[in-house]
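Asks: Before anything else, here's the structure in question.
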Amino acid sequence: MATWLQLTPYQTSWLYGIKVGSVLIALAWFSRDYRELRTPGSLTWAQWLLGITVGLLVFVVWIHLDQGWMLMGEMKGYRPVDATGQLDIWLIATRWLGAALIVPVMEELFWRSFLMRWLSQEAFLESPPQRPDGRAFWITAVLFGLEHQQWLAGIIAGVAYGWLYRQTGRISVPIVAHAVTNGVLGVWVVSTGQWQFW
């Protein structure tokens, strides 16, 4: 490999920021197509509270389901340090903002708004959130879980976020829950040094 293509661990740590930036650009570019995010009316206080509560519960589950059999591989995580090995505030901010603000929107649009409804009806835009059958619900939850190293915690999170979507009919509620889970997890990881969860 050419020496100019070899990246140091510090340089590769910025790849997450590039990935998040790319997703943000794609979300912005296609934003007119996200009908559910343009649905008139803001969330009610009860919906906000439900989303926040479920998000906190998923966080608690997430940090406790880390035994060996509940994992795919070894949990190494991500420790945001600079070239000297010191914590890098910009890497922390990039990781936290990406996980708490960008990832929930992108993942909920894909997993719940698209896949869960599409598995029930190909013309998924015509399928209301409450319509997906149990098969679509569980397939989506399991696939969502298998996307994560903590597969069991991921499946439970997928069930929780899918339940929110079916109960409220609003994609914004699972987005809130997912954002709370990831945001609180990020604060907890940085404050406790449990980098394996990142």
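Residue numbers for the sequence shown follow this note's numbering, so the first one is 65 and each next one is one higher.
Every residue gets a Cβ at the ideal spot worked out from N, C-alpha and C, and that includes glycine.
From a predicted model like this one, the values you see are computed outputs, not experimental measurements.
(1) In terms of residue numbering, what span does the alpha helix (DSSP H) encompassing A253 cover?
(2) Mind listing, in chain order, the continuous alpha helix (DSSP H) runs of no fewer than 4 residues lying wholly within the segment 138–191?
(3) Give the DSSP-derived three-state secondary structure of T108 in the structure shown.
(4) Is L228 closer than 9 Å to L207 when the C-beta atoms are compared?
(5) DSSP three-state call for H128: helix, strand or coil?
(6) Over what stretch of residues does the alpha helix (DSSP H) that includes Q231 continue unbroken?
(7) Under the assumption that S177 contacts I235 (Cβ atoms under 8 Å), give the Cβ distance between them as a whole number of angstroms.
(8) Which class does W78 belong to by DSSP, given the choice of helix, strand or coil?
(9) Spell out a yes or no on whether the segment 131–138 and the segment 147–167 are touching, meaning 3 or more CB-CB pairs, one atom from each, closer than 8 Å.
(10) Anyone know if the C-beta pair for I127 and A241 falls short of 9 Å?
Replies: Looking at the coordinates:
(1) Strictly speaking, residue 253 in this sequence is Val, with Ala absent from that position. DSSP places V253 inside the alpha helix (DSSP H), whose first and last residues are 236–256.
(2) 153–161, 167–172
(3) coil
(4) A distance of 9 Å or more separates the beta carbons of L207 and L228.
(5) helix
(6) Membership of Q231 in the alpha helix (DSSP H) is indicated by the continuous run 215–232.
(7) 5 Å
(8) Under the three-state reduction of DSSP output, W78 falls in the coil class, being neither helix nor strand.
(9) no
(10) no
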